[in-house]
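A.B. asks: Here the protein sequences come in this chain order: A and D.
Counting in the working numbering, the first sequence runs from 1 upward without gaps.
Counting in the working numbering, the second sequence runs from 1001 upward without gaps.
No residue lacks a Cβ here, since even glycine has one placed at the ideal position from N, Cα and C.
For reference, the structure I am asking about is given below.
Protein chains: 2
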Amino acid sequence: MSDVAATGISVLLVDDHPIVRQGYRRVLESQGDLHVVAEADNAADAYGAFKTHDPDVVVLDISMPGASGLEAIRNIRARNPRARILVFTMHNEAVLVKAAFGAGASGFVTKSSEPTAVVTAIRSVARGERAMSDDIAHILAEDSLSAGSALDQLGEREIEILRQFAGGATTEQIASHLNLSVKTVQNYHYLIKTKTGARTDAQLVRLAASCGLTKI
Amino acid sequence: MSDVAATGISVLLVDDHPIVRQGYRRVLESQGDLHVVAEADNAADAYGAFKTHDPDVVVLDISMPGASGLEAIRNIRARNPRARILVFTMHNEAVLVKAAFGAGASGFVTKSSEPTAVVTAIRSVARGERAMSDDIAHILAEDSLSAGSALDQLGEREIEILRQFAGGATTEQIASHLNLSVKTVQNYHYLIKTKTGARTDAQLVRLAASCGLTKI
DNA sequence: GCCGGCTTGGGAAATTTGCCCGAGCTGCGA
DNA sequence: TCGCAGCTCGGGCAAATTTCCCAAGCCGGC
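Dropping the structure here:
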């Protein structure tokens, strides 16, 4: 890792949209102390670029399709636990934010924030601090949960029911598969929602899919 | 409308992410012949900015949340049928592309295209030509060959609601996004289920995902 | 033995779903 | 031009489900 104070902050940009990367690059480099040393448009390349360039900060969007964004974070951190990763995305769902921090991200900024928010977040993250945009802080506060990364808080039965539900099974089907009363399955359904913070069945399905519980 | 040949091409940028706009502005203005004369971050402002600046080309993302993107296109075209509108978004679903052209767009470029694709598309559109990026052409071609997915039986509104629902939005959120009553959204929800044959919300999400309406 | 967590379900209020209805609007063909 | 068909929008109401709160049995750990 380079000497931040003397040479500025080296940044690896990861976003799947080329023009978006190019735009960010210009915005960041106009700051003077921020230098984009590499770009990547997918998780695998991001890991490769990280290994060869060892940037101070990784700014990563990857739009979080699937768990590949989270995997990228985990991969990078596995290689270098001191790596600073700033997630910069349009998503603002609490489950995603928590998953990102749980995977080892140092910051989370939404694209709807002021442009300066990313810049200051990069500097904060480079100093080893945790950073997030105001809206994310608000969302996490609302979420007001302490537990771990979504599925970790679920028991075996709950995960099994979530899997079947996300796979498209009806409550009755799940009940008969598992030899439970419909009422119990309904209760689990509710419990899972509250534990994961999902407000909607659709969010539940997306959560299950992004955790690899279900393939779509 | 200004004289394109002599003064270059004036552009109105519409995107809901400030930093993205700032990035585009830098990329476009580095071209010399492209001048960003105004920006907007929502459909209403886009219409207002169009009225006051009368740009040669409107580059519009708005991320298509709700039909507001399509409405913006229709509004602008209603005011000036010669308006050139280039949709520039991360979405690449055939239904959306067709809807955009149907609403009066002159071009459709995805953000995953090469940065030069937008620039050349803007010039094409300014000349009155139709423009689309290679991936969009490919998707439309495939689409025209396939007999039709389950989504073909759905109307524009239904598809929009399905997209938002599958994306994790609650009934209330969808209703307020689209300015509908909750009841209407509930009815659409039901209608979509019966039309697609989905028995469960989870099945609906999976259907939307498998049709490319939503990325998980 | 006791505490805490998982699993299983009851109960009742609140909400949503399932279906049927009508009305306004638009485009299209007779 | 008329009328039909389809989309959009919402009311109504019974039936179903969700939401929460609660209790009880079981099991592992301290």
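Any beta-carbon of chain D closer than 8 Å to the one on Glu114 of chain A?
C.D. replies: The residue you call residue 114 of chain A lines up with position 114 of the first sequence. Glu114 of chain A counts as touching chain D.
A.B. asks: Where in the stretch 53-129 of chain A do unbroken runs of the alpha helix (DSSP H), each at least 4 residues long, occur, reported from the N-terminal end onward?
C.D. replies: 68-79, 94-103 and 115-126
A.B. asks: CA-CA distance, Phe1050 of chain D and Glu156 of chain A?
C.D. replies: Working through the second sequence from its first residue, we reach residue 1050 of chain D at position 50. Working through the first sequence from its first residue, we reach residue 156 of chain A at position 156. Answer to the nearest angstrom: the Cα atoms are 56 Å apart.
A.B. asks: So who's on the other strand from Val1014 of chain D, going by DSSP bridges?
C.D. replies: Translated into the one-based positions of the second sequence, residue 1014 of chain D becomes position 14. Answer is D:Ala1040 and D:Leu1060, bridged to Val1014 of chain D.
A.B. asks: Evaluate contact between the stretch 1006-1025 of chain D and the stretch 186-199 of chain A, counting only Cβ atoms and requiring at least three cross-stretch pairs below 8 Å.
C.D. replies: no
A.B. asks: Excluding the five sequence neighbours on either side, which residues of its own chain have a C-beta within less than 8 Å of the C-beta of Ser146 of chain A, listed in chain order?
C.D. replies: As a working note, residue 146 of chain A is residue 146 in the first sequence. In this predicted model, Ser146 of chain A has a pLDDT of only 38, less than 50, meaning its place in the structure is not dependable; the value taken from the coordinates is given anyway. So the list is empty, once near-sequence residues are dropped.
A.B. asks: In the DSSP assignment, the alpha helix (DSSP H) including Arg199 of chain A goes from what residue to what residue?
C.D. replies: Stepping through the first sequence from its first residue, residue 199 of chain A is reached at position 199. That residue, Arg199 of chain A, is in no alpha helix (DSSP H); it is neither H nor E in DSSP.
A.B. asks: Quick one: using the 10 Å Cβ neighbour count with 16 as the cut-off for buried, is Thr138 of chain A buried or exposed?
C.D. replies: By 1-based counting over the first sequence, the position of residue 138 of chain A is 138. Before going further, note that residue 138 of chain A is His rather than Thr in the sequence given. Under this definition His138 of chain A is an exposed residue.
A.B. asks: Quick one: what's Ile9 of chain A bridged to in DSSP?
C.D. replies: The residue labelled residue 9 of chain A in the question sits at position 9 within the first sequence. Paired residue(s): A:Leu34.
A.B. asks: In chain order, what residues of the same chain have a beta carbon less than 8 Å from the beta carbon of Gln31 of chain A, not counting five sequence neighbours either side?
C.D. replies: Within the first sequence, the letter at position 31 stands for residue 31 of chain A. Excluding five sequence positions before and after Gln31 of chain A, the CB atoms of its chain that fall closer than 8 Å to its own CB belong to Val119, given in chain order.
A.B. asks: With distances taken between CB atoms, is the gap from His1231 of chain D to Val1058 of chain D smaller than 8 Å?
C.D. replies: This structure leaves residue 1231 of chain D out entirely; chain D is present only between 1001 and 1216.
A.B. asks: Closer than 8 Å between beta carbons: that is the criterion. Which residues of the stretch 199-210 of chain A meet it against chain D?
C.D. replies: Arg199, Thr200, Asp201, Ala202, Gln203, Leu204, Val205, Arg206, Ala209 and Ser210
A.B. asks: What are the boundary residues of the alpha helix (DSSP H) that includes Thr1171 of chain D?
C.D. replies: Along the second sequence, one-based indexing puts residue 1171 of chain D at 171. Taken as a continuous stretch (DSSP letters only), the alpha helix (DSSP H) holding Thr1171 of chain D covers Thr1171 to Leu1178.
A.B. asks: Can you give me the start and stop residues for the alpha helix (DSSP H) that Leu162 of chain A sits inside?
C.D. replies: If you number the first sequence from 1, residue 162 of chain A lands on position 162. Looking at the DSSP string, the run of the alpha helix (DSSP H) that includes Leu162 of chain A is Glu156 to Ala166.
A.B. asks: Any residues in the stretch 1005-1028 of chain D with a beta carbon nearer than 7 Å to a beta carbon of chain A? Which ones, in chain order?
C.D. replies: Asp1016, His1017, Pro1018, Ile1019, Val1020, Gln1022, Gly1023, Tyr1024, Arg1026 and Val1027
A.B. asks: For Thr1184 of chain D, would you say it is in contact with chain A, using Cβ-to-Cβ distances shorter than 8 Å as the test?
C.D. replies: Here residue 1184 of chain D is taken as the residue at index 184 of the second sequence, counted from 1. By this cut-off, Thr1184 of chain D is not an interface position.
A.B. asks: Using the rule of at least 16 other Cβ atoms within 10 Å of the residue's Cβ for burial, across every protein chain shown, is Met1 of chain A buried or exposed?
C.D. replies: Locating residue 1 of chain A in the first sequence gives position 1, counting from the first residue. Annotation note: pLDDT 47 at Met1 of chain A (below 50); position unreliable, no value reported.
A.B. asks: What does DSSP give as the partner residues of Ala1131 of chain D in its beta bridges?
C.D. replies: Residue mapping note: residue 1131 of chain D aligns to position 131 of the second sequence, counting from 1. Partner(s): D:Gly1107.
A.B. asks: Relative to the C-alpha of Val14 of chain A, which candidate in A:Lys183, A:Asn80, A:Phe88 and A:Glu29 has its C-alpha closest?
C.D. replies: The residue labelled residue 14 of chain A in the question sits at position 14 within the first sequence. It is A:Phe88 whose Cα lies nearest to the Cα of Val14 of chain A.
A.B. asks: Would Thr1171 of chain D pass as a contact of Val1182 of chain D if the rule is Cβ separation under 8 Å?
C.D. replies: Position 171 of the second sequence holds residue 1171 of chain D. Position 182 of the second sequence holds residue 1182 of chain D. Yes, the pair counts as a contact, with Cβ atoms nearer than the cut-off.
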